[in-house]
Every structure is written in C-alpha cells, then in structure tokens.
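Offset between the sequence shown (1-based) and this note's numbering: plus 3.
Cβ atoms here follow ideal geometry from the backbone N, Cα and C, with glycine treated the same way.
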Amino acid sequence: MDYTVHDSGTLRELEMRGQINFEADTDFRAILAGWEKAGIADCVLNLSAVDYMDSAGLGLLVMANIAARQAGITFRLKHPRGQVRDLIEISEFHTIIPCEF
C-alpha cells in the first residue's frame, strides 16, 4: 500500500494505491496517528487506485472510522473500483461508512 496526502483547509484526502490488507496495518496506523494534531474535520479515502482489499483491509477501514469518530472527524470512502467495489457492496460496508461510488 502506498498513499499521498492532500490537505485543503480542514479537508484531508488520502489517495490510496496498491493493496489494503494485513500488511498495510503499520502504514494505516501511521496515517491515523496525526489526524487530531493536523486540525482535520473531514477525511476522504480515495480508493480509485486500490486494486485489492481483503477482510483485513475492511478491518482497517473500521479502525479508521472509529478513530475518525473519536476525533470528531467526518470520514468517507470515495471511488472504489473493481474487486474493491465488489467487496464493499457485497459486504454492505457502505452502510457502515459512507461511500461515493
């Protein structure tokens, strides 16, 4: 997994690339660590360049959603494609975390 951070005022967009799975855990936790200190009010996870996600990846999204909620940050997903979109739809994950298809 690789990512780029784009900040615009209180909005942070994380452009994710590659695979979100168990191996992404450490990087994902690092992403979450600085949210409160950065003055972020809204966070969007852009999944358009993520080509694979498994159940561990869904768990990381739950962890991010909980961390955002605890920090008072609005969190949503954006533009999942292919297998990632299928996984989100089949698991009805978009009912837990808002998702822009």
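Under 7 Å Cβ to Cβ from I23, same chain only, skipping five residues before and after it: list those, please.
The answer, listed in chain order, is M4, V53, M56, G60 and L63.
**Asked** Given E16, which residues of its chain have a CB within under 7 Å of its CB, disregarding the five upstream and five downstream residues?
**Response** Only residues of its own chain outside the window of five on either side were considered, and among them H9, V47 and N49 have a CB closer than 7 Å to the CB of E16, listed in chain order.
**Asked** Hey, how far is the Cα of A44 from the Cα of I76?
**Response** Going from the Cα of A44 to the Cα of I76 covers about 5 Å.
Quiz item: So what's F1 in DSSP terms, helix, strand or just coil?
Solution: As shown, the chain starts at 4 and ends at 104. That puts residue 1 outside it, with no answer to give.
- Task: Mind listing, in chain order, the continuous alpha helix (DSSP H) runs of no fewer than 4 residues lying wholly within the region 25 to 80?
- Result: Counting whole runs of 4 or more residues, the region 25 to 80 contains the alpha helix (DSSP H) stretches 28 to 36 and 58 to 73.
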